[in-house]
Amino acid sequence: MPLLLLQLRGLLSRKPFLNPCFLYSLGSAFSFSYIPDSTESHYDLLLKSADGLASLRQIHSPLVVSGVVSQSIHLGAQLIAGYAKYGEPTSARSVFDHLIGCGNETSSFLWNTMIRAYANAAGCSYEALELYSLMRRAQVSPNNYTFPFVFRVCASSEAGSLILLGRVVHGEAVRAGFDSDLHVEAALVHMYAKWGEFGDARKVFDEMPVKDLIGVANSILGMYTRCGDVQKARLVFEKMVERNVISWNSMLSGYTQNGQASEALVLFDEMNDSYVEANAVTALIMVAACAYLGSLRLGRKFHNFVIDRNFTVDKNLHNALMDMYAKCGDLKTAWEMFNSINPSMRDASSWNVLISGYGMHGHGRETLNMFSRMQAEGVDPNHITFTSVLSACSHAGLVNEGRQCFDEMQKLSVAPEAKHYACVVDMLGRAGKLQEALDLIKQMPFPPNDAVWGALLLACKIHRNKELGQIAADKLFELQPGHTGYYVLMSNIYAASQRWGEVVNLRQYMKNKGMKKPAAFSVIEFGEEIHGFHTADREHPYWEEVYREVEILAVKLKMAGHVPDLSCTLHDMEEEDKELALNLHSEKLAVAFGIMRTESGMTIYLTKNLRVCNDCHSALKFLSHIFDREIVVRDGNRFHHFKGGVCSCNDYW
DNA sequence: CTAGGGTTAG
Numbered sequence: 001m002p003l004l005l006l007q008l009r010g011l012l013s014r015k016p017f018l019n020p021c022f023l024y025s026l027g028s029a030f031s032f033s034y035i036p037d038s039t040e041s042h043y044d045l046l047l048k049s050a051d052g053l054a055s056l057r058q059i060h061s062p063l064v065v066s067g068v069v070s071q072s073i074h075l076g077a078q079l080i081a082g083y084a085k086y087g088e089p090t091s092a093r094s095v096f097d098h099l100i101g102c103g104n105e106t107s108s109f110l111w112n113t114m115i116r117a118y119a120n121a122a123g124c125s126y127e128a129l130e131l132y133s134l135m136r137r138a139q140v141s142p143n144n145y146t147f148p149f150v151f152r153v154c155a156s157s158e159a160g161s162l163i164l165l166g167r168v169v170h171g172e173a174v175r176a177g178f179d180s181d182l183h184v185e186a187a188l189v190h191m192y193a194k195w196g197e198f199g200d201a202r203k204v205f206d207e208m209p210v211k212d213l214i215g216v217a218n219s220i221l222g223m224y225t226r227c228g229d230v231q232k233a234r235l236v237f238e239k240m241v242e243r244n245v246i247s248w249n250s251m252l253s254g255y256t257q258n259g260q261a262s263e264a265l266v267l268f269d270e271m272n273d274s275y276v277e278a279n280a281v282t283a284l285i286m287v288a289a290c291a292y293l294g295s296l297r298l299g300r301k302f303h304n305f306v307i308d309r310n311f312t313v314d315k316n317l318h319n320a321l322m323d324m325y326a327k328c329g330d331l332k333t334a335w336e337m338f339n340s341i342n343p344s345m346r347d348a349s350s351w352n353v354l355i356s357g358y359g360m361h362g363h364g365r366e367t368l369n370m371f372s373r374m375q376a377e378g379v380d381p382n383h384i385t386f387t388s389v390l391s392a393c394s395h396a397g398l399v400n401e402g403r404q405c406f407d408e409m410q411k412l413s414v415a416p417e418a419k420h421y422a423c424v425v426d427m428l429g430r431a432g433k434l435q436e437a438l439d440l441i442k443q444m445p446f447p448p449n450d451a452v453w454g455a456l457l458l459a460c461k462i463h464r465n466k467e468l469g470q471i472a473a474d475k476l477f478e479l480q481p482g483h484t485g486y487y488v489l490m491s492n493i494y495a496a497s498q499r500w501g502e503v504v505n506l507r508q509y510m511k512n513k514g515m516k517k518p519a520a521f522s523v524i525e526f527g528e529e530i531h532g533f534h535t536a537d538r539e540h541p542y543w544e545e546v547y548r549e550v551e552i553l554a555v556k557l558k559m560a561g562h563v564p565d566l567s568c569t570l571h572d573m574e575e576e577d578k579e580l581a582l583n584l585h586s587e588k589l590a591v592a593f594g595i596m597r598t599e600s601g602m603t604i605y606l607t608k609n610l611r612v613c614n615d616c617h618s619a620l621k622f623l624s625h626i627f628d629r630e631i632v633v634r635d636g637n638r639f640h641h642f643k644g645g646v647c648s649c650n651d652y653w
């Protein structure tokens, strides 16, 4: 055996790229204990090449046996960091306790390492802060490394509102004289920015001696996008002296998260023209933007981008790509990507991406099949799975299946939340079972929220039920007094039952309160072009031509039998004006532009921020027949595939 | 031994 041992050591020293842990395992396989030289450098080499929890543990025991670990805080620190990295903070802590017990209790480095380990491990914020307080009680001085870790914990979202504690520690950093350290300041700005404490973030920022630090600005940029102020974020971005890939990614994701994915696309082109290289995170953000826009062509482009650049496709990116294909209607590719995942690695999130994708496109039966397969393969459905399946049943009008699913959910002890009730109310309501929907609401074990009453109100609008609609609306006006959509829905119900007085009252009320319907907006893309239209848009460069085309379409529609649905206009105007207003709906302008500018037979892809209205829905059905074109519309709620005069939603949306 | 972007799915 000594010979083999010697050979192993030889290999180890000559070929450092050979994983010593592998050799170590080899030693174990030949049933002898492979203990390298009891020197720090040997263990250091072993630790550096550890590539998993198992190998870490293998090195740990001889370290303890040989007693080396007790003398080397550097080896100990590596073990601590390693265990934290592989999600074993308890093991990390036992190493730390051992080292502290061996007379290293005054080493700031060791305390810092353990605090950092907790800060990096999930769900250990409390432990990190407790350790900081123990450190202080042990009279060990925190330093410029300690404070950033602590501030990061105070900033982490899992830790709840730790801003007060953060302020206390800030004071301690000032007293310890570390408040003018670059990293301490950056961490402070980040912490305050994360909690929306703009005044304090700004104060620290202003007092910083080195102002052009990229990190500081990135935090503020992120704060603005999280607060929904994407314009201010852009202002910070524009003012930045130096932008790195994180600045670009922050701005790109800021746009997507604030519903301006098309802006992200524009900015991405600018990024390409700059000297900053996109990375895998950039790709993930852009794929998510394409999913949001429902743009398969661009989504594919970014998928190719990932392949060309040889980016590592981790679980997040893989799921994001799958989600993009599912949302953009390429369910075949989404399905292929799903199948490429090792079955043992498929968890609820992978299944949910697929299930929600099939559901969004109105494939109710397939959704239910997936749902059964998921359970057959031993993956537990969670609250999101049930939301997706229930909403799929609703979209496809599969009422009995939906009821069954709702029962099953309770058997599987997934507690139904308000959103699940909202899906079931939506499903029953659309199917015309308004009374059953109301009965369900009354049976709820907790107070129904706006989503639940909103689903009932929508159903009342579809089925023109003023009485139940009034009940739902009264609740909604109480729960969400500022939400314009509910007032609009109720006024549609009044209009449908010719209650013009009530319509006027409601509109006057909205006017007095300064409430405005969010502006409708449609986007069309073809080739390399993307065009956006507002309702009655006169800013688009070709608006005059588009208006002429819309008029032509209106005539063709009438000839084909389309009857304008005047209830889709809120305004008490002349009938003729109402028709005109309908023609200028953003999706009609966009589709007219698409018909003008694309070759016949080409599929038209539209995205709209709000739900498509009745009149446009009917018009799009007729247009798909008249021009023999497929029209794919992603509205605020789901996808519609118009083909040959019918829509994939079966007029159920 | 230090930060900063993405954490999915409805």
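In terms of full-length UniProt numbering, the first sequence has 298 at position 298, counting the first letter as 1, and numbering is strictly consecutive. Built from N, CA and C at the ideal position, the CB exists for glycine as well.
### Task
Give the single residue among V150, N244, A459 and M322 whose Cα lies nearest to the Cα of G429.
Residue numbering aside, residue 429 sits at position 429 when the first sequence is read from its first letter. Selected option, being the one with the closest Cα: A459.
### Query
Is the number of C-beta pairs between the stretch 396-412 and the stretch 363-383 that are closer than 8 Å three or more?
yes
### Query
From this set, A201, I462 and Y192, which residue's C-alpha is nearest D651's C-alpha?
Walking along the first sequence from the start, residue 651 turns up at place 651. The shortest Cα separation from D651 among A201, I462 and Y192 belongs to I462.
### Query
Taking just the CA atoms, how far does S618 sit from K327?
Translated into the one-based positions of the first sequence, residue 327 becomes position 327. Translated into the one-based positions of the first sequence, residue 618 becomes position 618. Each residue's Cα considered, the two are about 23 Å apart.
### Message
Give me the DSSP bridge partner(s) of G87.
### Response
Within the first sequence, the letter at position 87 stands for residue 87. BP columns for G87 are empty, so no partner.
### Per DSSP, cross-strand counterpart(s) of F338
If you number the first sequence from 1, residue 338 lands on position 338. Bridge partners of F338: none, in fact.
### Task
Have a look at V276 and W248 and give me their C-alpha separation to the nearest angstrom.
Taking the first residue of the first sequence as 1, we reach residue 276 at position 276. Taking the first residue of the first sequence as 1, we reach residue 248 at position 248. Straight-line Cα distance between these residues: approximately 8 Å.
### Query
From N369 to Y605, what does the alpha carbon distance come to, in whole angstroms?
Mapped onto the first sequence, residue 369 falls at position 369. Mapped onto the first sequence, residue 605 falls at position 605. Looking at the two C-alpha atoms, the distance is approximately 28 Å.
### Query
Can you tell me whether DSSP reads Y542 as helix, strand or coil?
Here residue 542 corresponds to residue number 542 of the first sequence, with the count starting at 1. Y542: coil per DSSP, three-state reduction.
### Whole runs of the alpha helix (DSSP H) within the stretch 468-508, excluding any shorter than 4 residues
484-496
### Task
Determine which residues share a DSSP beta bridge with H640 and list them.
Counting from one through the first sequence, the residue named residue 640 turns up at place 640. DSSP lists V633 as partners of H640.
### Message
Using CA atoms only, rank isn't needed, just tell me which of E525, R57, L131 and K556 is closest to S91.
### Response
For the purposes of this step, residue 91 is taken as the residue at position 91 of the first sequence. Checked all of E525, R57, L131 and K556; the closest Cα to S91 is R57.
### Query
By DSSP, does E528 sit in helix, in strand, or in coil?
On the first sequence, residue 528 is found 528 positions in, with the first residue counted as 1. E528: coil per DSSP, three-state reduction.
### Message
Suppose you measure from the CA of L468 to the CA of V523; what does that come to, to the nearest Å?
### Response
The residue you call residue 468 lines up with position 468 of the first sequence. The residue you call residue 523 lines up with position 523 of the first sequence. Spanning the two alpha carbons is a distance of roughly 35 Å.
### Task
Spatial neighbours of A288 within its chain, please: CB distance less than 7 Å, with the 5 preceding and 5 following residues excluded, ordered by chain position.
Counting from 1 along the first sequence, the entry for residue 288 is found at position 288. For A288, where only same-chain residues beyond five positions count, the Cβ hits under 7 Å are T256 and A320.
### Query
In whole angstroms, what separates the C-alpha of F642 from that of Q435?
Locating residue 642 in the first sequence gives position 642, where the first residue counts as 1. Locating residue 435 in the first sequence gives position 435, where the first residue counts as 1. Using only the alpha carbons, I get a separation of about 32 Å.
### Query
According to DSSP, is L606 helix, strand or coil?
If you number the first sequence from 1, residue 606 lands on position 606. The answer is strand: DSSP assigns L606 an E or B state.
### Task
Determine the direct distance from the alpha carbon of V555 to that of E579, and round the result to whole angstroms.
Within the first sequence, numbered from 1, the residue matching residue 579 stands at position 579. Within the first sequence, numbered from 1, the residue matching residue 555 stands at position 555. One C-alpha to the other measures close to 11 Å.
### Task
Please check the pair A334 and G357, which I expect to be a contact at CB under 8 Å, by giving their CB distance rounded to whole angstroms.
For this step, residue 334 is matched to residue 334 along the first sequence. For this step, residue 357 is matched to residue 357 along the first sequence. With 8 Å as the limit, A334 and G357 qualify as a contact, their Cβ atoms being about 6 Å apart.
### DSSP state of M322 mapped onto helix, strand, coil
Taking the first sequence and counting its residues from 1, one reaches residue 322 at position 322. Of the three classes helix, strand and coil, the one that applies to M322 here is helix, per DSSP.
### Message
If you follow the alpha helix (DSSP H) that F371 is in, where does it begin and where does it stop?
### Response
Working through the first sequence from its first residue, we reach residue 371 at position 371. Its alpha helix (DSSP H) spans residues G364 to A376.
### Query
Which residues share a DSSP beta bridge with S522?
As a position in the first sequence, residue 522 is number 522, starting the count at 1. Note: S522 sits in a beta bridge opposite F533 and K608.
### Task
To the nearest angstrom, report how far apart residue 654 and Y224 are at their CA atoms.
Outside the shown range of the chain (1 to 653) lies residue 654, about which nothing can therefore be said.
### Message
On the CB-based measure, 16 or more other CB atoms within 10 Å of its CB, does G299 come out buried or exposed?
### Response
As a position in the first sequence, residue 299 is number 299, starting the count at 1. Buried is the call here.
#### Entry: Neighbour-count burial assignment, V425, 16 or more Cβ in a 10 Å radius
As a working mapping, residue 425 is identified with position 425 in the first sequence. When all chains shown are included, V425 counts as buried.
### Message
Rounding to the nearest angstrom, what Cα-Cα distance links W195 and G123 in this structure?
### Response
Along the first sequence, read from residue 1 onward, the residue named residue 195 stands at position 195. Along the first sequence, read from residue 1 onward, the residue named residue 123 stands at position 123. Computed Cα separation, rounded: 19 Å.
### Message
Please classify F446 as buried or exposed, where buried requires at least 16 other C-beta atoms within 10 Å of its C-beta.
### Response
Translated into positions along the first sequence, residue 446 becomes position 446. F446 comes out exposed.
### Under 8 Å between C-beta atoms of L99 and F151
Taking the first residue of the first sequence as 1, we reach residue 99 at position 99. Taking the first residue of the first sequence as 1, we reach residue 151 at position 151. No, the Cβ-Cβ distance between L99 and F151 is not below 8 Å.
### Message
According to DSSP, is V646 part of a helix, a strand, or is it coil?
### Response
Locating residue 646 in the first sequence gives position 646, counting from the first residue. The three-state secondary structure of V646, taken from DSSP, is strand.
### Query
How is M515 classed by DSSP in three states: helix, strand or coil?
As a working mapping, residue 515 is identified with position 515 in the first sequence. Reduced to three states, the DSSP call for M515 is coil.
### Query
Mapping DSSP to helix, strand and coil, what is S161?
Counted from its first residue, the first sequence places residue 161 at position 161. Coil at S161, not helix or strand.
### Query
Would DSSP call K442 helix, strand or coil?
Position 442 of the first sequence, counted from the start, is the residue given in the question as residue 442. Helix, per DSSP.
### Query
Given a threshold of 16 other Cβ atoms within 10 Å of its Cβ, counted over all protein chains shown, does T106 qualify as buried or as exposed?
Locating residue 106 in the first sequence gives position 106, where the first residue counts as 1. When all chains shown are included, T106 counts as exposed.
#### Entry: Between the CA atoms of H303 and V353 - distance to the nearest angstrom
Counting from 1 along the first sequence, the entry for residue 353 is found at position 353. Counting from 1 along the first sequence, the entry for residue 303 is found at position 303. Between V353 and H303, the C-alpha separation is close to 17 Å.
### Task
Using only alpha-carbon positions, find the residue among L75, Q71, H531 and A496 that is nearest to D44.
As a first step, residue 44 is located in the first sequence; it is residue number 44 there, counting from the start. Checked all of L75, Q71, H531 and A496; the closest Cα to D44 is L75.
### Query
In chain order, what residues of the same chain lie with their CB nearer than 7 Å to the CB of E575, ignoring the 5 residues before and after it?
By one-based count along the first sequence, residue 575 stands at place 575. Excluding residues within five positions, the ones whose Cβ falls inside 7 Å are L566.
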